[in-house]
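Asker: In the numbering used here, the protein residues as written are 82 to 777.
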DNA sequence: GAGCACTGC
């Protein structure tokens, strides 16, 4: 192995003593010396671990914003809320809020804190995620929630007045909700000087977070000159974690085929390194299946490779197969998990000692000009590479093999990666800000500004849906109602139109189904059987009405998992559909939509769909071969996806829910329409020309 | 006749 691999030159992280150790550094000179440690300025000083609590409480007391940086395992997430609670930050009916970007993390952290405090989950310590509110308004003092839920709470309480401290965890991940939330929190801070923010982030983002929250500190003195308000310059506290050291190895020479390189690296680790599981990061299902097959063949052909358990891991994998990665490795064997990015942040695997990092992942990019989102294989960032490597050091010191050179890591890889804000469609983001009364989206104080093109495109789409008016303000009632519905605005618009057309009962079912990945079981081997199963539900109107038949069948079966199995339908997906539908029903009730069924009238159904998705209208190119369509607006070449029930049926006019772009643009979830409905639904968008609709 | 990184409300 030594011929190909070169150890990294980055010095191992300092974990200096068995105490753990806290390093404190303040971004500004301190006037107080009461604690004996706060005199250090822009200079690192290690403090004994018992002062962790003191340091945090002091900083939160004196600074409006505290930025906590550090590694996993440093106890930031679980200890800080407890310190704050003990220090009285949740007295007098105030609540300490702690956000996470993922539902699972919220649940896990909340139950751990409840356990550590010796209280019942849902009382002093509670959590709120979509579909689940385990809090008690009378007793909850520490509340964990997803950042998306906190954003939703702002719709009713824009200043988040019930919270005394808000801690935002994993801020370095820079998810869309986190970025929006941080921008809004900074605004709130100006109106609520008593509010305390704690931003928890990876070390690499500390500086940008700190300068973002840095505000001019003019009015800090009260009339008599005493300090009334906290310091407005953020403090930075750095906490070392207890993770084990991970030795980094780079390739001596670059390789062109990372898949092959990954396979041979796994085999040489198995031959030459002591026992311990291996985690391999590849990009997607295709890569992973190919690698699993190559390794399995190798195990069959070569006896020295026995004792290997090879497991794929990606989100589309059926639940039972996903769970295999969590089963303990039998003694004398070695587990090899070949995974997408799901293992980078979403899942934590125990027992990993070796990581093989391809240096690539699939990433979504949005082109505001064509209004199309693309999924492409792209190089990861240095931050991502560090995160992947860290997965090897959870149980004991580990090793990470990077399938690229150190020069590439240092010179070619970007340090951070592009925030989601800058590579996604912004319609939902814009409508959320509009609902909070923020009208100047481009002028908003962003952590990372979205491109003007993307903002303009989002405004345009919302305007065409009559969600925004000529002044780019929310229309009443449509715009305000759409903002209440926690779905894609085009779907929300479809629901509102269904109310007028008398088919809301059916349309909220369709909406629930459209907002999950797929209701079909993904099976590679038995494609034919799946297609046959689909035909049992398929109708000429298209995929949307077909979904209604599936839902009806599921209800008639008594929500049976057996029935799902027989019909190649994903049972877990259907349960989720029921859950989302129930939430939509509640929201509909709240905004005054009466549920009404159209009793099988599919024309009004398709008119409601058209009212939301008129912009996605296409017509068949009559003289072209192979079912080529062109979008009415923009004349883009598109095709019906083979998974659609309208594949090869090729109706003359269709609208689609979304595009998948590979070598071609494929329309997913397609419904046949009458072109006259387009002008009826959106006279501001389409006009007649020689009997057919044409986009303005 | 082909393909879906990952979250979230």
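We put the beta carbon where it would ideally sit given N, CA and C, even for glycine.
Classify residue 722 as helix, strand or coil using the three-state DSSP reduction.
Answerer: Taking the first chain and counting its residues from 1, one reaches residue 722 at position 641. Note: residue 722 maps to coil in three-state DSSP.
Asker: For residue 772, does the three-state DSSP call read helix, strand or coil?
Answerer: For this step, residue 772 is matched to residue 691 along the first chain. Coil at residue 772, not helix or strand.
Asker: Hey, would you say residue 370 sits closer than 9 Å to residue 399, going by beta carbons?
Answerer: As a working mapping, residue 370 is identified with position 289 in the first chain. As a working mapping, residue 399 is identified with position 318 in the first chain. Not in contact: residue 370 and residue 399 (Cβ atoms no closer than 9 Å).
Asker: Take residue 439 as the anchor and find which of 631, 450 and 460 has the nearest alpha-carbon.
Answerer: On the first chain, position 358 is the one that residue 439 refers to. When only C-alpha atoms are compared, the closest one is 460.
Asker: Suppose the cutoff is 8 Å on Cβ atoms and the five residues either side in sequence are ignored; what does the same chain contact list for residue 517 look like?
Answerer: Within the first chain, the letter at position 436 stands for residue 517. Here the set comprises 235, 236, 239 and 265.
Asker: Is any heavy atom of the ligand FAD found at a distance shorter than 8 Å from the C-beta of residue 589?
Answerer: Ligands displayed in this structure: none; no statement on the ligand FAD is therefore possible.
Asker: CB-CB under 8 Å to residue 525, same chain, minus the five flanking residues each way: which ones, in chain order?
Answerer: If you number the first chain from 1, residue 525 lands on position 444. Closer than 8 Å at the Cβ level, and outside the excluded window around residue 525, lie 264, 514 and 519.
Asker: Extract the residue ranges of the alpha helix (DSSP H) inside the segment 468 to 532, only unbroken runs of 4 or more that lie entirely within it.
Answerer: Within the segment 468 to 532, the complete alpha helix (DSSP H) runs of at least 4 residues are 508 to 516.
Asker: With DSSP as the reference, label residue 444 as helix, strand or coil.
Answerer: One-based indexing of the first chain puts residue 444 at position 363. The answer is strand: DSSP assigns residue 444 an E or B state.
Asker: Considering only the alpha carbon of each residue, which of 748, 706 and 693 lies closest to residue 717?
Answerer: Taking the first chain and counting its residues from 1, one reaches residue 717 at position 636. It is 748.
Asker: Count the other C-beta atoms from every protein chain shown that fall within 10 angstroms of the C-beta of residue 751, then say buried if there are 16 or more, exposed otherwise.
Answerer: As a working note, residue 751 is residue 670 in the first chain. The residue is buried, with at least 16 neighbouring Cβ atoms inside 10 Å.
Asker: Is the segment 496 to 515 close to the segment 348 to 368, with three or more CB pairs under 8 Å?
Answerer: Contact between the segment 496 to 515 and the segment 348 to 368 is absent, because fewer than three Cβ pairs lie under 8 Å.
Asker: By the three-class DSSP mapping on this structure, what secondary structure does residue 262 have?
Answerer: By 1-based counting over the first chain, the position of residue 262 is 181. Residue state, collapsed to three classes: helix.
Asker: To the nearest whole angstrom, what separates the beta carbons of residue 179 and residue 225, a pair I think is in contact under 8 Å?
Answerer: The sequence position of residue 179 within the first chain is 98, counting from 1. The sequence position of residue 225 within the first chain is 144, counting from 1. That belief holds up - the Cβ atoms of residue 179 and residue 225 are roughly 5 Å apart, short of 8 Å.
Asker: Could you check whether residue 766 and residue 545 sit closer than 9 Å to each other, using their CB atoms as the reference points?
Answerer: By one-based count along the first chain, residue 545 stands at place 464. By one-based count along the first chain, residue 766 stands at place 685. Yes, they are a contact pair.
Asker: Which same chain residues, not among the five before or five after residue 427, have their C-beta less than 7 Å away from its C-beta?
Answerer: By 1-based counting over the first chain, the position of residue 427 is 346. Same-chain partners within the cutoff: 183.
Asker: Indicate whether residue 230 and residue 163 have their beta-carbon atoms separated by less than 9 Å.
Answerer: Translated into the one-based positions of the first chain, residue 230 becomes position 149. Translated into the one-based positions of the first chain, residue 163 becomes position 82. No, they are not a contact pair.
Asker: Measuring straight from C-alpha to C-alpha, what distance separates residue 388 and residue 352?
Answerer: One-based indexing of the first chain puts residue 388 at position 307. One-based indexing of the first chain puts residue 352 at position 271. Approximately 11 Å between the Cα atoms of the pair.
Asker: By the 10 Å Cβ neighbour count, where 16 or more other Cβ atoms means buried, how is residue 139 classified, buried or exposed?
Answerer: For the purposes of this step, residue 139 is identified with residue 58 of the first chain, where counting begins at 1. That one is buried.
Asker: Looking at the unbroken alpha helix (DSSP H) that takes in residue 613, where does it start and where does it end?
Answerer: Translated into positions along the first chain, residue 613 becomes position 532. Unbroken alpha helix (DSSP H) run through residue 613: 608 to 616.
Asker: Could you please give me the residues that DSSP links to residue 316 through a beta bridge?
Answerer: As a first step, residue 316 is located in the first chain; it is residue number 235 there, counting from the start. Residue 316 is bridged to 147.
Asker: Going along the chain, which residues of its own chain have a beta-carbon closer than 7 Å to the beta-carbon of residue 614, five neighbours each way excluded?
Answerer: On the first chain, residue 614 is found 533 positions in, with the first residue counted as 1. If we look at residue 614 and ignore the five residues flanking it on each side, its Cβ neighbours are 648 and 649.
Asker: My assumption, with CB atoms under 8 Å, is that residue 173 sits in contact with residue 324. Please give the rounded CB distance.
Answerer: One-based indexing of the first chain puts residue 173 at position 92. One-based indexing of the first chain puts residue 324 at position 243. Not confirmed; about 38 Å, so no contact.
Asker: Where residue 411 and residue 417 are concerned, what is the direct C-alpha to C-alpha distance, given to the nearest angstrom?
Answerer: As a first step, residue 411 is located in the first chain; it is residue number 330 there, counting from the start. As a first step, residue 417 is located in the first chain; it is residue number 336 there, counting from the start. Roughly 13 Å between the two C-alpha positions.
Asker: Pull up the DSSP beta-bridge partners for residue 198, would you.
Answerer: Along the first chain, one-based indexing puts residue 198 at 117. For residue 198, which the question treats as bridged, DSSP gives no partner whatsoever.
Asker: Taking a contact to mean a Cβ-Cβ separation below 9 Å, would you say residue 559 touches residue 577 in this structure?
Answerer: Within the first chain, the letter at position 478 stands for residue 559. Within the first chain, the letter at position 496 stands for residue 577. Yes, these two residues count as a Cβ contact at 9 Å.
Asker: When the Cα of residue 385 is compared with those of 372, 539 and 349, which residue comes out closest?
Answerer: As a position in the first chain, residue 385 is number 304, starting the count at 1. Checked all of 372, 539 and 349; the closest Cα to residue 385 is 349.
Asker: Would you be able to state if there are at least three C-beta pairs under 8 Å between the segment 697 to 709 and the segment 720 to 738?
Answerer: Counting Cβ pairs under 8 Å, three or more are found: they touch.
Asker: Let's test the definition: count the other Cβ atoms within 10 Å of the Cβ of residue 775 and tell me whether it reaches 16, buried, or not, exposed.
Answerer: Counted from its first residue, the first chain places residue 775 at position 694. Classification for residue 775: exposed.
Asker: State yes or no: is the C-beta of residue 688 within less than 9 Å of the C-beta of residue 659?
Answerer: As a first step, residue 688 must be located in the first chain, where it is residue number 607. As a first step, residue 659 must be located in the first chain, where it is residue number 578. In this structure, residue 659 does not lie closer than 9 Å to residue 688 by Cβ.
Asker: Within the chosen definition, does the segment 332 to 349 reach the segment 467 to 487 through at least 3 CB pairs nearer than 8 Å?
Answerer: Yes: the two stretches touch, three or more of their Cβ pairs being nearer than 8 Å.
Asker: What would DSSP say about residue 712, mapped onto helix, strand or coil?
Answerer: If you number the first chain from 1, residue 712 lands on position 631. Reduced to three states, the DSSP call for residue 712 is strand.
Asker: For residue 626, collect the residues of the same chain with a Cβ closer than 8 Å to its Cβ; drop the 5 residues on either side in sequence, then sort them by chain order.
Answerer: As a working mapping, residue 626 is identified with position 545 in the first chain. 620, 683, 686, 687 and 752, listed in sequence order.
Asker: For residue 798, name the three-state secondary structure that DSSP assigns.
Answerer: Any property of residue 798 remains undetermined from this structure, which presents the chain solely from 82 to 777.
Asker: Does DSSP put residue 419 in a helix, in a strand, or in coil?
Answerer: Here residue 419 corresponds to residue number 338 of the first chain, with the count starting at 1. Strand.
Asker: Less than 9 Å separating the beta-carbons of residue 601 and residue 616?
Answerer: Here residue 601 refers to the residue found at position 520 of the first chain. Here residue 616 refers to the residue found at position 535 of the first chain. No.
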